[in-house]
Structure formats: C-alpha cells, structure tokens
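Trainee: What follows is a single structure, and I will ask about it in a moment.
Protein chains: 2
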Amino acid sequence: MFKFHMPTKVIVGENCVLNNPKDLMLGKSALIVTGKSSGKKSGALDDVIFVLENAKIPYHVYDKVENNPEISDMAQGGRLARECGADFIIAIGGGSPMDAAKAIGVYAVNESGEDGEFKLYDIFKGEYKNKPLPMVAIPTTAGTGSEVTPYSILTLHNEKTKKSFSCVDSFFKVAFLDGRYTVSLPLQVARNTAVDAMCHLIEGYTNKKASPSSDYIALEGLRIIGKHLDALESGSLALDACTELLWASALGGIVISQTGTTIVHSMGYELTYFKDIPHGMANGYLVYEYLKRIDSKRVADCIGALGIESLENFKEYLEKILPRVCNFTEKEILDWSEISIKARNVASCPYQATRELEIEIYKNSLLKE
Amino acid sequence: MFKFHMPTKVIVGENCVLNNPKDLMLGKSALIVTGKSSGKKSGALDDVIFVLENAKIPYHVYDKVENNPEISDMAQGGRLARECGADFIIAIGGGSPMDAAKAIGVYAVNESGEDGEFKLYDIFKGEYKNKPLPMVAIPTTAGTGSEVTPYSILTLHNEKTKKSFSCVDSFFKVAFLDGRYTVSLPLQVARNTAVDAMCHLIEGYTNKKASPSSDYIALEGLRIIGKHLDALESGSLALDACTELLWASALGGIVISQTGTTIVHSMGYELTYFKDIPHGMANGYLVYEYLKRIDSKRVADCIGALGIESLENFKEYLEKILPRVCNFTEKEILDWSEISIKARNVASCPYQATRELEIEIYKNSLLKE
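Same order as they appear, the protein sequences are chains Y and A.
Note that the working numbering has the first sequence beginning at 1, numbered continuously upward.
Note that the working numbering has the second sequence beginning at 1001, numbered continuously upward.
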C-alpha cells in the first residue's frame, strides 16, 4: 500500500506573488514571519507588503527568526500573532522561517504558558485542539522544500539536537516560487541549499518508504538539478535556472512528504547543532558515504538522473562545491552518533543503520581532513 | 508561470478501505452515491458498509446514478442528502457516480428549487455560498480520474451535450484505489476506461497548458499503462495490474486538473450523447486523428512512453481493442461539430481547431466504416 498527499497549491514563476494577490491573502490580518535579512534582501517582503497594502490588509512583521529556530521563541511568535489579531501567516525565507511559521501557527491558537493547558512540548504530539492558522510560504532559498511538507524542524537545546513535528494542517495552503528571490543568494548558500534538495530527492528515492507515488517525482527533481550542476559550480545561475531549482526543491519536499528522510538528515543535524555547519552542507558531507553502502540499482538511478557518470564522480563534484569548513575529533563523533542513532528516520534507511555504522560514516565523511 | 494543485489524499493498494477506516469517515452521517450495480458488483459497497457499521456511522445509499448524470437528478440527490442529514458523501463507481457526488455535494448545501435563491444552473458558476459537503471517492473503473480532479461533467438535455463545473472544494478529500474493485470488470469496459486514462495523459501532455508540473506526471502515467497494453488486449489483467492502472488513471486525473483536456474530449461528448458510445471508447476513436495533426516532438514522447513504436502502431492497437459499434451520416457530423466547437477546451488544443477541422477528424475517426 502507498499513499500520496500534498495539498499545497504551488504557483511558480516570475512575479507570481504580484500576479496572484488573491492566493496570498488567506485572511483579514497577516503576521509575516521572516528572518533578519532574507525577506528584505530577496525582495519578497517588498512584494508581499505591496500586495497587502494595496488590498488594505493590516500586517505585522515578525523578523526575529534565527537560523535553526528554538522552540521557546516559536511560542513567543504565537503570542505575538494573538496580540496583533493575525488570522493568517505569510512565511518568507529559507527553511528556518518556514518551519518557524508552522510552529507559530500552532502556538497562535493553542495558548502555551505556565498555567496553560497546552505545554511547550505538546507541539510534538501533532494533534491540537485548535487548527493552526492558515499559512502561505515564499521560499528565498531553493533547498528546504518546507513550503510543501507538513514538517517543522525545531531546535531543542536541552536535547542538543533538532526534532520535528507535523500534522495535516501544517501544510501551507499556498507556496509561491519565484527565482527573483533566490537569484542574488551568495553562491555558497545556493550550493548548500541545492545539495539539501538533492539529498531530499536521493534519500526519498532510496528510502525504505519509497513508492510509485514518490519515485518518479524524485527522478524528475534530480534531472532538473542535473541540468544546473555546472552553473552551481561556476556560480552563473540565471533567473530561469533559479526558478527551476526552486521547483526541483519543491519536488524534493513533495517526495519527503511521502517518504521522510534517512540517516543523512539525522546525522547532519549534529553537524549543524555542534559545528554550526549549514544544513544542506552538512547533508552533502554525508550523502556519498550513505549511498556507497546501498546495494541497489537505485543508487545508479539517482546518479544517472543527475547526469553524472559514477558515484565517484558525484563525490568529486560534492568536494568541489562544498569546501571543508572545520574538523572534528573521535570524541565528537562518538557524541554525535549517540544522539543521531535515536532519530526516527533511522528506520527508513535502506540498510540496518547502527551506531557503529554511523561512526564509520562520520569518520569518512567529506568533512574530514 | 505554472501552478500545481491536487489536495486529495490518495491511498492505493489491496484492502485500502478496510485498512484505513479513519480516512473514510469524514463526518457523522454518510450519503453513499453509486450506480445501480457498480458499487455492489465491485465489492466496494460491502467494504464501505462494513467500515461504517463497525464504527456505528449511519448511512443512506443513493444508487440511482445513471451513466452520464443529468443535472436535475443531481439536485434531487442533494435534497436526499439534506433529508437524511448526511454531512459527508462517499462516491463509489466510475466517472458518473463520482461526478454526480460532486454535484450532489453542492446541491446538498445550496438549496435549489423554484423559489430558492440557488438556481439549477448556478452550479456552473463554480462559486457557492456554502462549501460543498466533504467527499470520499472509490473508483470502480480505471479511467476517469475524477477522484483527483475538481471537475464534474454533467449532461444537459436542452443543450444536447455535457458541461462541466469545478471549484476548489470539489476535490475529494480522500480517494481509495484498490484493484480488487476493477479486476472483475468486463474486458471492454476495462479497455474503454484505460483508453480514457490514456487520453487524459496524452491530451494533458500535448495541451497548450502543459507545464513542468504536468509533463513528467503524464509521461509516468503513460509508462505505467504501456506496461499493461498486452494484458488489456488479451484480457489477462491480474490484480496488481488493475491497481497499477488505477494509479495511472489517477495520474491522468492529476494531469488534467492542471491542464484540462482538448478537442478529443469535447468531440467525444457528442459521440456519447448522440450515439451512446461509452466515454473512453469515444475518445479512443478520435485521439489518433487529433495526434496526427500535432507538429511537435511531444507526440513521439507520448507514444514512446507507452512503449509503442510509431503513431501508426498506436492506431492499429486502438483498432484492435476498440471495436466499431455504429456508423454515422454526414448530417450527424455537421450537427456534432456545431456543438463541439463551442466547448471551452477547444482553446487548449495545440493547433487552431476549427469546425472544418473537427468535421475532418470525425470523418476519419476510427468509428468510420
């Protein structure tokens, strides 16, 4: 048995926000959730404000979302949504603002506090008394796919890792994909996020939960990214390519909405948490060692869809676009593997993933000296 | 710019209704909409009743849906839904019961009558004061794709054709695809409906509105049908093949939800209305002549995805599985083309479709002596 579910309406193309104002306005008062700079630098915030002001829809901008949002900040965002009477949310940014919006949407209508019924950690239950606020997503990076998944990945300082929640109402109602918002990204950010999208597609296709409803989408996404590998290396991404990469990234999100990810992601979280390595880059360091251990035609399918000759060539490509940014000790690897082996997506790995195996993968990862 | 939207949750596989009872029960009282025999013969009605009775959900069975449902009957169905207090609908059957359910869902909550505000034909406006009832679909043929489209095709006797309405709330919430419900279909019905699915995929892929969000889905659907062409010819469709054809048919529905159909469908409606030719068969008579006139690599892509060597071979295949069931006169063709050229989807044809051209296509169709 397999399933397919992805209720988000996706609108793709230049000026799609300006040209589809009705799809942006899901209510009478908006909370815009974004990072410190991504909304402004990308031009997306200006487009959104233009549409809202034109329609006389009041809005508040919450631009305090940090990279890797922490759960207590999200509850604060929920309080702000209540205080300003927002009845819908517009998320602008990379994975962090989009994941933050999903959490804020829950906290906004399920009041959390010391005396409240709804405790901070109840968000991980995935079932809430009140439906989250309806939400729109405008990604400003092409990697996370969060705009079409129900997942929100939050950071938990006391568990020293990230943890995700999801519920069917955490899907965005609408997602706008416009290459104008990603065309000015710093090259390394474009690369890291493209590698993240690649990993979603690869981990979905090689996943234990891979099915006829995810396989063909995964290969389509990889084919699209494959067209732009040279430009990602040289840094010559044109506007059209940026829109195509946003679409490929959304396909990655659609795939993992069906399959989930694997140990590449759960192991990558530790690199991000302890070494501050950007999420996509962290996955990129690990994905070759993950693939190497899979005994299936599916690895060749992925590499072939990317238009790359061999798994070794794929490794070389990753080494070129992902510079080494730090090193690690044996002790660190032991700590990381202890946490990462407990992750839920370990079960989706196509082979038996043990702590010993994860230690091996960390050791041989592209991060090493 | 392109869009993608298909909010229906699709559940595929043997016993999927019995194994996912929560997804079937969208409310507290069900109206089951089905044809005279399809629900019973397929075994789907028994499965549905088993689940509902087990959960003590009251239900009414409306099994009066004829082939090609007429609009006034739908309003009657809506009245019945009100009278029995149904708050959700379960559609079981081919395209007719599913399209009927969509209309009944609208009439149930938007009361129509001589004094009522909501007139019978207001259904074609696509915007309603009250949201249609939530609905579940269980197809018992693998062709229509109606389980994943917002379209409902209704018959209008005073306009001597069919006309469709759609609105975003006309998507089914859930669709269950189980080959057990189609494995006992008469061979010609299996063929006709498979040809209908094929036409959705082909018309979507060659459509003026084809886009990166529909193309790869169309080719995937054609590849799946291609695997089963021999079994469709010989009549040796196994259970697995039936489930795969249901999935391919759903992919066809997903495609036309983005692109709409073309003149194959609008011209086919007349063959159904005036000659009582089953819908899929009618499309099959026309699709070769439609494709022959397209000057694009896309025709070869479709034929190639089916695993067929040439367009001529495709024609031969259709002639084998679609027997001629009647003939027509010059006068009839004039009448049909007069109606069909007015259809909305004429504009989606990849070439300029004129009445003269449609006359040519009818004349040369596989229906001719």
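Just so it is clear, CB atoms sit at the ideal spot from N, CA and C, and this is done for glycine as well.
Taking 6 Å as the limit between beta carbons, can you name the residues of its chain near A:Cys1084, skipping five residues before and five after?
Mentor: For A:Cys1084, where only same-chain residues beyond five positions count, the Cβ hits under 6 Å are His1060.
Trainee: Listing by chain order, which chain A residues have their CB less than 9 Å from the CB of Y:Val12?
Mentor: Simply Met1001, Phe1002, Lys1003, Phe1004, Ser1211, Pro1212 and Ser1213.
Trainee: Name the chain Y residues whose beta carbon is nearer than 7 Å to that of A:Glu1289?
Mentor: By Cβ distance, chain Y contributes nothing, its closest Cβ being about 30 Å from A:Glu1289, past 7 Å.
Trainee: Is it right to say Y:Phe396 is buried, meaning 16 or more other beta carbons lie within 10 angstroms of its own, or is it exposed?
Mentor: As displayed, chain Y neither begins before 1 nor continues past 369, which places residue 396 of chain Y out of reach and without an answer.
Trainee: According to DSSP, is A:His1005 helix, strand or coil?
Mentor: Three-state DSSP puts A:His1005 in a strand.
Trainee: Go through its chain and collect everything with a Cβ distance to Y:Met74's Cβ below 7 Å, but skip five positions before and after it.
Mentor: So the list reads Ala100, Ala103, Ile104, Tyr107 and Leu154, once near-sequence residues are dropped.
Trainee: Which residues does DSSP pair with Y:Lys163 in a beta bridge?
Mentor: Answer is Y:Leu154, bridged to Y:Lys163.
Trainee: With 16 as the cutoff for other CB atoms within 10 Å, does A:Cys1016 come out buried or exposed?
Mentor: Classification for A:Cys1016: buried.
Trainee: Sort Y:Lys297, Y:Ala137 and Y:Leu311 by Cα distance to Y:Ile11 and report the nearest one.
Mentor: The candidate whose alpha carbon is nearest that of Y:Ile11 is Y:Ala137.
Trainee: Among the candidates Y:Asp23, Y:Glu70 and Y:Asn68, whose CA atom is the shortest distance from the CA of Y:Ile90?
Mentor: Residue Y:Asp23 is the option with its Cα nearest to Y:Ile90.
Trainee: Give the C-beta separation of Y:Pro7 and Y:Thr206 to the nearest angstrom, bearing in mind that I take them to be a contact with Cβ-Cβ under 8 Å.
Mentor: About 26 Å; that fails the 8 Å criterion.
Trainee: Would the beta-carbon of A:Ile1092 fall within 9 Å of that of A:Ile1032?
Mentor: Yes, the pair counts as a contact, with Cβ atoms nearer than the cut-off.
Trainee: Hey, would you say Y:Ile333 sits closer than 9 Å to Y:Tyr290, going by beta carbons?
Mentor: Result no, Cβ atoms of Y:Ile333 and Y:Tyr290 do not sit closer than 9 Å.
Trainee: Excluding five sequence neighbours on each side, which residues of the same chain lie with their C-beta closer than 6 Å to the C-beta of Y:Gly95?
Mentor: Here the set comprises Thr144 and Ser146.
Trainee: Considering only the alpha carbon of each residue, which of A:Phe1274, A:Lys1320 and A:Lys1209 lies closest to A:Asp1230?
Mentor: Comparing Cα-Cα distances from A:Asp1230 to each of A:Phe1274, A:Lys1320 and A:Lys1209, the minimum goes to A:Lys1320.
Trainee: Does the region 1270 to 1283 of chain A come within contact of the region 1312 to 1331 of chain A, defined as at least 3 CB pairs closer than 8 Å?
Mentor: Yes, since at least three Cβ pairs between the region 1270 to 1283 of chain A and the region 1312 to 1331 of chain A fall closer than 8 Å, the two stretches touch.
Trainee: Could you check whether the Cβ of A:Cys1242 sits closer than 8 Å to any heavy atom belonging to the ligand MN?
Mentor: Although the ligand MN was asked about, the structure shown includes no ligands whatsoever.
Trainee: Could you check which residue in A:Ala1248, A:Ile1308 and A:Arg1355 has the C-alpha nearest to that of Y:Tyr216?
Mentor: Comparing Cα-Cα distances from Y:Tyr216 to each of A:Ala1248, A:Ile1308 and A:Arg1355, the minimum goes to A:Ala1248.
Trainee: What residue from A:Gly1039, A:Ser1236, A:Ala1086 and A:Pro1139 has the CA that sits closest to A:Ala1250's CA?
Mentor: The candidate whose alpha carbon is nearest that of A:Ala1250 is A:Pro1139.
Trainee: Find the nearest neighbour of A:Glu1270 within the set A:Val1189, A:Lys1163, A:Lys1292 and A:Leu1133, judged by alpha-carbon distance.
Mentor: Per the Cα distances, A:Lys1163.
Trainee: Considering only their Cβ atoms, is the gap separating A:Gly1252 from A:Leu1286 smaller than 9 Å?
Mentor: Contact: no.
Trainee: Along the chain, which unbroken stretches of the beta strand (DSSP E) at least 3 residues long are found entirely within the region 79 to 138 of chain Y?
Mentor: The region 79 to 138 of chain Y contains these whole beta strand (DSSP E) runs: 88 to 93.
Trainee: If the cut-off is 7 Å on Cβ atoms, which residues from the region 1336 to 1354 of chain A count as contacting chain Y, listed in chain order?
Mentor: Going along the region 1336 to 1354 of chain A in chain order, one finds no residue with a Cβ nearer than 7 Å to chain Y.
Trainee: Return the chain-ordered list of same chain residues with a C-beta closer than 7 Å to the C-beta of Y:Arg298, the five sequence neighbours on each side being excluded.
Mentor: Counting only Cβ-Cβ distances below 7 Å, and skipping sequence neighbours, we find Tyr205 and Thr206.
Trainee: Okay, do the region 234 to 248 of chain Y and the region 306 to 317 of chain Y touch, 3+ Cβ pairs below 8 Å being the bar?
Mentor: As far as the Cβ criterion goes, the region 234 to 248 of chain Y does not touch the region 306 to 317 of chain Y, which means the pair count is below three.
Trainee: Based on the DSSP output, what are the partners of A:Gly1035 in its beta bridges?
Mentor: The partner list for A:Gly1035 (beta bridge, DSSP) reads A:Val1065.
Trainee: Less than 9 Å between the C-beta atoms of Y:Thr272 and Y:Ser348, yes or no?
Mentor: Contact: no.
Trainee: With a cut-off of 9 Å, does the C-beta of Y:Asn327 fall near any C-beta of chain A?
Mentor: Chain A, which has no Cβ nearer than 9 Å to the Cβ of Y:Asn327, makes this no.
Trainee: Apart from the five residues on each side of it in sequence, which residues of its chain come closer than 8 Å, Cβ to Cβ, to Y:Arg223?
Mentor: The answer, listed in chain order, is Ala305, Leu306 and Gly307.
Trainee: So, helix, strand or coil for A:Ala1030, using DSSP?
Mentor: Of the three classes helix, strand and coil, the one that applies to A:Ala1030 here is strand, per DSSP.
Trainee: Can you name the residues that DSSP bridges to A:Leu1177?
Mentor: A:Leu1177 is bridged to A:Val1012.
Trainee: Determine the direct distance from the alpha carbon of Y:Asn54 to that of A:Glu1117, and round the result to whole angstroms.
Mentor: Cα to Cα, the separation comes out at about 33 Å.
Trainee: For a test of the three-state rule: what should DSSP assign to A:Glu1070, helix, strand or coil?
Mentor: Three-state result, A:Glu1070: strand.
Trainee: Closest by CA to Y:Lys28, which one among Y:Gly35, Y:Ser37 and Y:Leu52?
Mentor: Comparing Cα positions, the closest option is Y:Leu52.
Trainee: What three-state label does DSSP hand A:Tyr1273 in the structure shown?
Mentor: It is helical.
Trainee: Report the CB separation of A:Val1189 from A:Thr1259 in whole angstroms; it is logged as a contact under 8 Å.
Mentor: Rounded, the Cβ-Cβ distance is 26 Å, inconsistent with contact.
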